[in-house]
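Below: one structure, written as structure tokens.
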Amino acid sequence: MEEYGISMESLTPEQMQAVLTTEGGVRVVAGAGSGKTRALVHRYAYICRNMGIPQGDILCMTFTNKAAQEMKARIGALCPGGVVGDFVTTIHGFCVKFLREEIYRIGFPENYLIFDEDDMKTLIKEVLEENDIPRRKGIVGNYKDDLAVFKAAAPYIPRYVIPTSPQDGRDVPLLAKMILRQKRYFALDFDDLLFYTLHILHNFPEVCCKWQDRFQYVMVDEVQDCDKPEWELFTLLSAGYGNLFVVGDADQAIYEWRGAHPELFVSYNPRTDIYLKQNFRSRPNIVALADSIISNNRNRLPRTSVTMRPSNGLRTKFFHSRNEQEEAFKLASVLGRLHKKEKLPWKDMAVLYRATYLSRGIEQTFIREKIPYVIWGGVRFFDRKEIRDALGYLRLAAMDDDMAFKRIANVPSRKIGRKTMAQLQGYASSTGCSLLHALRESGVAQRNPKARALVGLIDEARRDMAARSISSTTEFLLEHSGLLEQYRVDTEEERLENLQELIKSIHLYEEENRNEEDLGVERYLQDIALYTNADYRRDEDKVRLMTIHQAKGLEFPLVWIYGLNEGVLPSHRTIRERGVAGLEEERRLMYVACTRAMDRLIFSDSEGFNVQNSQSKYPSRFIREATDEMGPLYDIEGFFSPDLWKGTDKLIHSLEDPGVVSTSILGRGDRVHHSVFGDGTVIDADPDTGTVSVDFGAFGKRRVNPDLLDI
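The opening residue of the sequence shown carries number 17 in this note's numbering; numbering runs sequentially from there.
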């Protein structure tokens, strides 16, 4: 079927149902690789082209900028002239757009700042210093976490943010002082974007009615990863017309640890339920193995996947090694052989692991074996020093931003050290002006030629900003600030390349938003604060190393799940903290890892001792779950003793009653930990007395109650 230029013949019956079911609440349960994005973009195009609904009346939200950009591109290919509405965006991206229109209602300017993690840490340090609180190791990060909890638990906006709130922090809690400092900067962090949006919608009925009337249709992707405020947002926005379309998969919910509530998706009671069961990504053996593992979970919407791809005759391989060194060498040798003999590009291979420390052994082996690799999700592109410096200049040119001034005032060196900065801060505090204004008026600029040149640079950039593009303004600032010259002289080629990549990304941003009337530096800076590494990535031919969490949403011809040991995946720490819910999320992690594979799936483990969790290494229970009525759904490579499963069972049993260890599950040679004596090795166990004898090294041999030992 083809209507108005939109081909429907490529859709499955279930995808077609998702496209054509436009009215009321709709829940689409979409398994891994099931073509949910295809269904979603065709639904968007159908509503526009076949039903005549303006694109501005459709809100389509997802989680990452990369996913939003992909949706825009695919919708553009289906819509007249390639034009895509402004509300195909991320959830936080929508909040940014909403607040540009509405934040004035609580006394903030349209060009409010968005602080990232680094900015917030700097702000917290300022507040701690002002309150004479010593900054011990880790304390800033702890306060940052505490601030997030404080904001989520308390109605902080009416108390501290709106115009009638306190203007200083003399008689408020320390965390509230941090909020007041944000208010002074007119700055929001990521949590604020959502909370401010909800506050305005709830407290200004005319605003809520306006936005409910604006969107006839609301569509949300990856809803299993949404938290309660996010559900509240799109439920509220869709209440006007009642047309809420949500897509998700409870089996891929791996973010409960940071507030996601997949049970909201599971318990949602829509008018229509649609199941996308076809898998277009993975081969039959991979689909069967992944389903066999995830079927052990209970908090899910039961379904069975059907692959649309033919078998390639390959079974999943399980490589078992005697130690970590052997495991890493097997990984390198197998990948090297596939690259050489089968011409499989390095970039088509991904190595996934549960914990980042596992990458160390892999990297050492890859370097020795000359295998090119890249750590996916290393230093975020926009967190690199040279990028933050460049954006600092842009922020200062856009507005009197004290945080940006502190960052770039002495980069490159202008002899504006701590003493001079203290003078400027004193002048700014006494006169109520910005640090840039203090530099201009306090006499410092007159005595310091380089400081005077900085003032002139910012003034010139501001004067010409309206006539320049964002990219040309950035290039002007980089060249005339001396930043580029500094890196040229120091021959820091990588930093220069990153700055060139920044300019390239700004050109791309300008092209993608060329039809926007209010496109400018302020808007760019708000949008860029939401970007992640996935939005700007060079397509290099290197093996990808990443955690399973970072692999979400990606796919590769070959996936190797590394370090598949009980206690690591599943993480015993997660299970201890959250019980059955933690175990089910760990199993979903395993499912996500398996379903990233298109053609080949390999996993590996090793024997030995895990220093990180102080226990002997045994294979993960998830390997044993990968079976059907005919037996294991994988082939074992390497000598694997079935007795190893006894060790796995021993570790599993130790979790059933947290903190209690039975003598029956401890054997000679097992490593244990005592709160006073530290790490030790079990010598023997005495079932009659219920004690175990342990060699604690410096403390010697001790008989102790096993209830007080950690495995």
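In this text, a Cβ means the ideal position worked out from N, Cα and C, and glycines have one as well.
Quick check on serine 784: does DSSP put it in helix, strand or coil? Because residue 784 is not part of the residues shown, which for the chain are 17 to 727, the question remains open.
Proximal residues to histidine 215 (C-beta, below 6 Å), its chain only, five neighbours per side dropped: To locate residue 215, count along the sequence shown from 1; it is residue 199. Leaving aside the five residues that flank histidine 215 on each side, the residues in its chain whose CB is nearer than 6 Å to its CB run, in chain order, Ile173.
Apart from the five residues on each side of it in sequence, which residues of its chain come closer than 6 Å, Cβ to Cβ, to arginine 719? For the purposes of this step, residue 719 is identified with residue 703 of the sequence shown, where counting begins at 1. Cβ neighbours of arginine 719 beyond the five flanking positions: Thr707 and Ser709.
So, at 6 Å on beta carbons, what are the nonlocal neighbours of leucine 260 in its own chain, with the 5 sequence-adjacent residues on each side left out? In the sequence shown, residue 260 corresponds to position 244, counting from 1. Here the set comprises Gly41, Val234 and Ser254.
Is the CB-CB distance between histidine 336 and glycine 595 below 8 Å? Taking the first residue of the sequence shown as 1, we reach residue 336 at position 320. Taking the first residue of the sequence shown as 1, we reach residue 595 at position 579. Contact: no.
Are at least three pairs of beta-carbons, each pair with one atom in the segment 355-366 and one in the segment 322-340, less than 8 Å apart? no
Nearest-angstrom Cα separation, counted from asparagine 147 out to arginine 616: As a working note, residue 616 is residue 600 in the sequence shown. As a working note, residue 147 is residue 131 in the sequence shown. Cα-Cα distance, rounded: 57 Å.
Would you tell me roughly how many angstroms separate the C-alpha atoms of threonine 679 and glycine 685, rounded to the nearest one? As a position in the sequence shown, residue 679 is number 663, starting the count at 1. As a position in the sequence shown, residue 685 is number 669, starting the count at 1. Residue placement at threonine 679 is flagged as unreliable, the pLDDT there being 45, under the threshold of 50; the coordinate-derived value follows with that caveat. Looking at the two C-alpha atoms, the distance is approximately 13 Å.
Starting from histidine 690, trace the beta strand (DSSP E) in both directions and tell me its first and last residue. Here residue 690 refers to the residue found at position 674 of the sequence shown. Residues 687-690.
Measure the Cβ-Cβ separation of serine 298 and aspartate 307 and say whether it is below 8 Å. The residue labelled residue 298 in the question sits at position 282 within the sequence shown. The residue labelled residue 307 in the question sits at position 291 within the sequence shown. Not in contact: serine 298 and aspartate 307 (Cβ atoms no closer than 8 Å).
Identity of the residues DSSP links to valine 575 by a beta bridge: For the purposes of this step, residue 575 is identified with residue 559 of the sequence shown, where counting begins at 1. The partner list for valine 575 (beta bridge, DSSP) reads Ala366 and Leu617.
Just mark cysteine 225 as buried or exposed, buried being the case when its beta carbon has 16 or more other beta carbons within 10 Å. For the purposes of this step, residue 225 is taken as residue 209 along the sequence shown, with counting starting at 1. Exposed.
Do three or more CB pairs link the segment 199-213 to the segment 125-140 at distances below 8 Å? yes
Limits of the alpha helix (DSSP H) - the one that leucine 75 falls within: Here residue 75 refers to the residue found at position 59 when the sequence shown is read from its first residue. Note, leucine 75: premise wrong, no alpha helix (DSSP H); beta strand (DSSP E) at 74-78.
Give every residue of the same chain whose Cβ lies closer than 6 Å to the Cβ of arginine 116, excluding the five residues on either side of it in the sequence, and list them in chain order. In the sequence shown, counting from the first residue as 1, residue 116 sits at position 100. The residues are Glu126.
Using the Cβ count rule (16 or more neighbours within 10 Å means buried), how would you classify arginine 637? For this step, residue 637 is matched to residue 621 along the sequence shown. By the neighbour-count rule (16 or more Cβ atoms within 10 Å), arginine 637 is buried.
Cβ shell of lysine 160 (< 7 Å), same chain only, five flanking positions each side left out: In the sequence shown, the residue the question calls residue 160 occupies position 144. Counting only Cβ-Cβ distances below 7 Å, and skipping sequence neighbours, we find Met136, Lys137 and Ile140.
Just reading off the beta strand (DSSP E) that tyrosine 233 is part of, what are its end residues? The residue you call residue 233 lines up with position 217 of the sequence shown. Where tyrosine 233 is concerned, the enclosing beta strand (DSSP E) stretches over 233-236.
Who pairs with leucine 626 in a beta bridge, going by DSSP? What you label residue 626 is simply residue 610 of the sequence shown in a count that begins at 1. Contrary to the premise, residue 626 reads as asparagine rather than leucine in this sequence. Beta-bridge pairing links asparagine 626 to Gln631.
For histidine 523 versus serine 497, is the C-beta spacing smaller than 8 Å? Position 507 of the sequence shown, counted from the first residue, corresponds to residue 523. Position 481 of the sequence shown, counted from the first residue, corresponds to residue 497. Not in contact: histidine 523 and serine 497 (Cβ atoms no closer than 8 Å).
What separation, rounded to the nearest whole angstrom, lies between the Cα atoms of isoleucine 544 and asparagine 81? Counting from 1 along the sequence shown, the entry for residue 544 is found at position 528. Counting from 1 along the sequence shown, the entry for residue 81 is found at position 65. Each residue's Cα considered, the two are about 10 Å apart.
Is arginine 719 helix, strand or coil by DSSP? Within the sequence shown, numbered from 1, the residue matching residue 719 stands at position 703. In this structure, arginine 719 counts as strand in the three-state DSSP scheme.
Tell me the DSSP secondary structure of leucine 292 in three-state form. Residue mapping note: residue 292 aligns to position 276 of the sequence shown, counting from 1. Three-state result, leucine 292: strand.
Expected contact under 8 Å - CB spacing of glycine 352 and isoleucine 387 to nearest Å: Taking the sequence shown and counting its residues from 1, the one referred to as residue 352 is at position 336. Taking the sequence shown and counting its residues from 1, the one referred to as residue 387 is at position 371. Between isoleucine 387 and glycine 352 the Cβ distance is about 6 Å, and since that is below 8 Å, they are a contact.
Please report the Cβ distance between arginine 468 and alanine 461, rounded to the nearest whole angstrom; I am assuming they are in contact, meaning their Cβ atoms lie under 8 Å. Position 452 of the sequence shown, counted from the start, is the residue given in the question as residue 468. Position 445 of the sequence shown, counted from the start, is the residue given in the question as residue 461. Indeed, because the Cβ distance is near 4 Å, the residues count as touching under 8 Å.
I'd like to check one pair, leucine 210 with valine 737: are the Cβ atoms closer than 8 Å? No answer is possible for residue 737: it lies beyond the span of the chain, which begins at 17 and ends at 727.
Less than 8 Å separating the beta-carbons of glycine 598 and threonine 590? Position 582 of the sequence shown, counted from the start, is the residue given in the question as residue 598. Position 574 of the sequence shown, counted from the start, is the residue given in the question as residue 590. Contact flag set, yes.
Who does serine 587 pair with in a DSSP beta bridge? Position 571 of the sequence shown, counted from the first residue, corresponds to residue 587. In DSSP, serine 587 forms a bridge with Gly583.
Within the same chain, show all residues whose beta-carbon is closer than 8 Å to that of isoleucine 618, passing over the 5 residues directly before and after it, in chain order. Numbered from 1 along the sequence shown, position 602 holds the residue referred to as residue 618. So the list reads Thr332, Lys333, Phe334, Phe335, Val350, Leu574, Val575, Trp576 and Ile577, once near-sequence residues are dropped.
Does DSSP classify leucine 374 as helix, strand or coil? To locate residue 374, count along the sequence shown from 1; it is residue 358. Here leucine 374 sits in helix by DSSP.
Glutamate 18, buried or exposed, once every other Cβ within 10 Å from all chains shown has been counted against 16: Here residue 18 refers to the residue found at position 2 of the sequence shown. The pLDDT assigned to glutamate 18 is 47, lower than 50, so where the model puts this residue is not dependable; a value taken from the coordinates is nonetheless given after this. Exposed, since its Cβ has fewer than 16 Cβ neighbours within 10 Å.
Is asparagine 158 buried or exposed, if buried means 16 or more other CB atoms sit within 10 Å of its CB? Taking the sequence shown and counting its residues from 1, one reaches residue 158 at position 142. With fewer than 16 Cβ atoms within 10 Å of its Cβ, asparagine 158 is classed as exposed.
For histidine 218, count the other beta carbons within 10 Å of its own beta carbon; 16 or more makes it buried, fewer makes it exposed. Which is it? Taking the first residue of the sequence shown as position 1, residue 218 is located at position 202. Flag for histidine 218 reads exposed.
Rounded to whole angstroms, what's the CA-CA distance from alanine 482 to lysine 88? Just pull it up for me. The count along the sequence shown starts at 1 and reaches residue 482 at position 466. The count along the sequence shown starts at 1 and reaches residue 88 at position 72. Using only the alpha carbons, I get a separation of about 28 Å.
Is it buried or exposed for valine 165, if we count other Cβ within 10 angstroms and need 16 for buried? Here the question's residue 165 lines up with position 149 in the sequence shown. Answer is exposed; the Cβ neighbour count stays below 16.
Inter-residue spacing [alpha-carbon to alpha-carbon] between tyrosine 409 and phenylalanine 421: Counted from its first residue, the sequence shown places residue 409 at position 393. Counted from its first residue, the sequence shown places residue 421 at position 405. One C-alpha to the other measures close to 8 Å.
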